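*Asks:*
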Amino acid sequence: MSTSYERTVRFSEVDGAGFLFFANYLVLCHEAYEASLANAGIELRKFFGEHRVLIPISKVTAQYLGPLQSGDRVRIEVLPQPNGDNSYGISYRIVHLGAAEKLVGIARTDHTVIDIQTLVRKALPAPLAEWIRSAGGASAAS
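For what it's worth, our numbering labels the leading residue of the sequence shown as 584, then goes sequentially.
#1: Could you compute how far the alpha carbon of Gln-646 sits from the alpha carbon of Phe-631?
#2: How many angstroms separate the CA atom of Ile-699 from the CA atom of Gly-667?
#3: Roughly how many angstroms lie between the CA atoms of Pro-663 and Arg-676, to the nearest whole one?
#4: Which of helix, strand or coil does DSSP assign to Phe-602?
#5: Output the distance between the C-alpha atoms of Glu-617 and Ile-715, rounded to the nearest integer angstrom.
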């Protein structure tokens with residue numbers, strides 16, 4: 584079961600031709616990721632302070648299937664999945680909410696949890712593992 588996030592494409596996010604700049608598709612995905620975490624009760628500043636981890640994106644893929652322009656409404660669907668005891672992936676679907684919904688992009692980010700001091704991989708903190716279980720519907724390692 585995915586979670587979703589909706590918003591309007593802003594004028595500042597489009598390129599000179601009037602279309603959403605390609606890198607901003609990933610900005611939309613990251614906003615949706617943060618919103619999904621917040622909806623699960625994970626406040627990021629507190630989370631990182633308490634768990635002393637870094638969670639860098641280790642890999643990203645994106646496929647652009649259609650254009651978006653300023654003023655367009657979009658829904659970004661977020662589906663996290665465990666990759667092991669110290670990493671997870673998130674699949675995204677970017678849907679244009681016009682007269683008819685249209686899939687305009689898909690992306691995936693892979694994340695690795697590492698200890699902030701040693702920079703060694705670390706197990707998923709419990710709140711993150713629970714978010715993956717509840718938002719992704721799959722069993723996350725803990």
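Glycine included, C-beta positions come from ideal geometry on N, C-alpha and C.
As the structure is a computational prediction, the values presented were derived from the model and not from experiment.
*Replies:* The relevant details are as follows:
#1: 30 Å
#2: 19 Å
#3: 12 Å
#4: strand
#5: Between Glu-617 and Ile-715, the C-alpha separation is close to 13 Å.
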